[in-house]
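A short write-up of the structure that comes next.
Printed below as a string of structure tokens:
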């Protein structure tokens, strides 16, 4: 679901341009408002959606809930350190999701790959990626799953 | 005293009479009004504004009282209008305040000088205010134009690369900078040729500024307060433009989705946020 900008809400601050890892958020030269220059190349990381202080960037939803009144909105609350999403389906159903902000300061937590031991033969032949994020424990103690954690899937919420 | 002299009084030597200057001011006001009306009609911004309001009314969860609406209007005037609180970047906010107050002081003092002191060499307070306004506008404008403009700050373009979106700021810079230079060469140096050159550039900038409202972002000073007021209303009446509700961190940390990332150390989980940590990739 690539992102798009409501130009009436955008004030041209450039936060989305700064943060877009795909370098596809740019500033229109006529109106000085941001826009997604190439939605096909969007990674759908939603960094721009979360970074926008004016709530001007939304997500173009898939066919199961768009068009006709759908909305995907996000509020990034820096004081509380959380991100809240609201997904409104075209039927009017609303799903609210909330997660902690995990943005790191620029330049910190860059892995020092020189110090990382080379992968073993078993790791090379494994189906797993070499440097899986350790906190989801794909290569160390298995992955946390809802089942392993005794959690249940709630209707309409998919992990 | 140079700093209180009236630059418009010296225009008589170029054959420009007070009547001509006053007609120019009246034409400028008409051009601004006409430009804004044409802009509203062309972009259909007023139509969108009222349609959006009606759409959001259906999502409202409570009715706002007239005292609440009045309070919000006061807050908009105090925050968004008078102190430009919508800017998250403090440098951009300071530059905007310099430009806004500089422009107001400059325009008002120009009108006062043209209508009330058209032939007097020294205009006291208003002569001084004309310079203060022009300097504030030039300082804020050049700071914004060379350092803070999103094309320079985020897009990494050179400051001298121009686009149509620059029409408003360039004409503001022209009016303030050429105005000050014209005043300087007329009053201090006494060079008629250079004074005439900079006055001509000042005049062209003023024509572009007031005559180009339809193509520039001049109208934002009227649209922005209305949009800010509408936004406050939508946030207060429960419609919130479909945004999610406010959460407290303590209320959500024990939810099941949080369990999946519970091993991440707290200092890594909650790093500095985007607004508090300026990008430094340029």
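Residue numbers (my numbering), protein chains in the order written: chain A, 1 to 159; chain B, 1001 to 1282. Backbone N, C-alpha and C define an ideal beta-carbon position, used for all residues, glycine too. All values derive from a computational prediction rather than experimental measurement.
Per-residue burial, residue 1090 of chain B [other beta carbons within 10 Å of its own, 16 or more giving buried]: exposed
Check: Exposed or buried, which one is residue 1244 of chain B when buried takes at least 16 other CB atoms within 10 Å?
Finding: Classification of residue 1244 of chain B: buried, given that the 10 Å Cβ count is 16 or more.
| query | For residue 45 of chain A, is the classification buried or exposed, using 16 other Cβ atoms within 10 angstroms of its Cβ as the cut-off for buried? | reply | exposed
Query - Residue range of the unbroken alpha helix (DSSP H) whose run includes residue 124 of chain A - result: 121-125
**Message:** Cβ closer than 9 Å: which chain B residues qualify as neighbours of residue 24 of chain A?
**Reply:** Here the premise fails: no neighbours, minimum Cβ distance about 13 Å.
Could you check what DSSP says for residue 15 of chain A in three-state terms: helix, strand or coil?
helix
List the residues of chain B that residue 174 of chain A touches, going by C-beta distances under 7 Å, in chain order.
-> In this structure chain A extends from 1 to 159, so residue 174 of chain A is not present and cannot be described.
| Whole-angstrom Cβ separation of residue 1213 of chain B and residue 1035 of chain B, contact assumed at under 8 Å? | 3 Å
- Of the residues that make up the region 1076-1100 of chain B, which ones have a beta carbon closer than 8 Å to any beta carbon in chain A? 1086, 1087, 1088, 1089 and 1092
Closest to residue 1117 of chain B by C-alpha separation, out of B:1071, B:1229, B:1228 and B:1011, would be which residue? B:1011
Across which residues does DSSP place residue 111 of chain A in a beta bridge pair? The partner list for residue 111 of chain A (beta bridge, DSSP) is empty, contrary to what the question assumes.
**Message:** DSSP three-state label for residue 4 of chain A, please.
**Reply:** strand
Write down every uninterrupted run of the beta strand (DSSP E) in the region 1038-1103 of chain B whose length is 3 residues or greater and which is fully enclosed by it, in chain order.
-> Listed in chain order, nothing qualifies, since the region 1038-1103 of chain B has no complete beta strand (DSSP E) run of 3 or more residues.
Please name the residue or residues paired with residue 100 of chain A in a DSSP beta bridge. A:82
- Starting from residue 76 of chain A, follow the beta strand (DSSP E) in both directions and report where the run begins and ends. 71-77
For this session: Pull up the DSSP beta-bridge partners for residue 1122 of chain B, would you.
Result: B:1005.
Can you name the start and end residues of the beta strand (DSSP E) that residue 1188 of chain B belongs to? Per DSSP, residue 1188 of chain B belongs to no beta strand (DSSP E) and is neither H nor E.
Cβ contact (3+ pairs, closer than 8 Å) linking the region 1166-1173 of chain B and the region 1118-1134 of chain B: Result no; under three Cβ-Cβ pairs closer than 8 Å.
| query | At what residues does the beta strand (DSSP E) containing residue 59 of chain A begin and finish? | reply | 57-59
Who are the near neighbours of residue 13 of chain A in its chain, counting only those whose CB is closer than 7 Å to its CB and skipping five residues on each side? 53
Practice prompt. Taking residue 1202 of chain B and residue 1182 of chain B to be in contact with their CB atoms under 8 Å, please state how far apart those CB atoms are, rounded to whole angstroms.
Written response: Separation of the CB atoms of residue 1202 of chain B and residue 1182 of chain B is rounded to 5 Å, and the pair is thereby assigned contact status at 8 Å.
Close beta carbons around residue 22 of chain A, own chain, < 7 Å, minus the five adjacent residues each side: 41, 42 and 43
Touch test, the region 1102-1114 of chain B against the region 1073-1087 of chain B, Cβ-Cβ under 8 Å, three pairs minimum: no
Proximity of residue 48 of chain A and residue 8 of chain A at Cβ, strictly below 8 Å: no
Do residue 27 of chain A and residue 1051 of chain B have their beta-carbon atoms positioned less than 8 Å apart in this structure? Residue 27 of chain A sits away from residue 1051 of chain B, with the two beta carbons spaced by 8 Å or more.
Original post:
Which term fits residue 96 of chain A, buried or exposed, when burial requires 16 or more other beta carbons within 10 angstroms of its beta carbon?
Top reply: exposed
**Prompt:** Shortest alpha-carbon distance to residue 1157 of chain B belongs to which of A:127, A:6, A:29 and A:78?
**Reply:** A:29
Notebook entry, point to check: Who are the Cβ neighbours of residue 1141 of chain B in its own chain at under 7 Å, not counting the five residues just before and after it?
Noted result: 1099, 1169, 1172, 1173 and 1176
Where residue 54 of chain A sits in the DSSP three-state scheme:
coil
> residue 27 of chain A lies in the beta strand (DSSP E); which residues open and close that run?
Replying inline: 25-27
_Interface residues of the region 87-98 of chain A facing chain B [CB-CB below 8 Å]_ = 88, 96, 97 and 98
Margin query: Can you tell me whether residue 1015 of chain B is buried or exposed? The criterion is at least 16 other CB atoms within 10 Å of its CB, across all chains shown.
Written below: exposed
Do residue 1124 of chain B and residue 1004 of chain B have their C-beta atoms closer together than 8 Å? Using a Cβ distance threshold of 8 Å, residue 1124 of chain B and residue 1004 of chain B count as a contacting pair.
Taking 8 Å as the cut-off, decide whether the C-beta atoms of residue 19 of chain A and residue 36 of chain A are in contact. no
Review point. Residue 128 of chain A: buried (16+ other C-beta within 10 angstroms of its C-beta) or exposed?
Key: exposed
| said: I need the straight-line Cα distance from residue 16 of chain A to residue 1079 of chain B, nearest angstrom please. | reply: 24 Å
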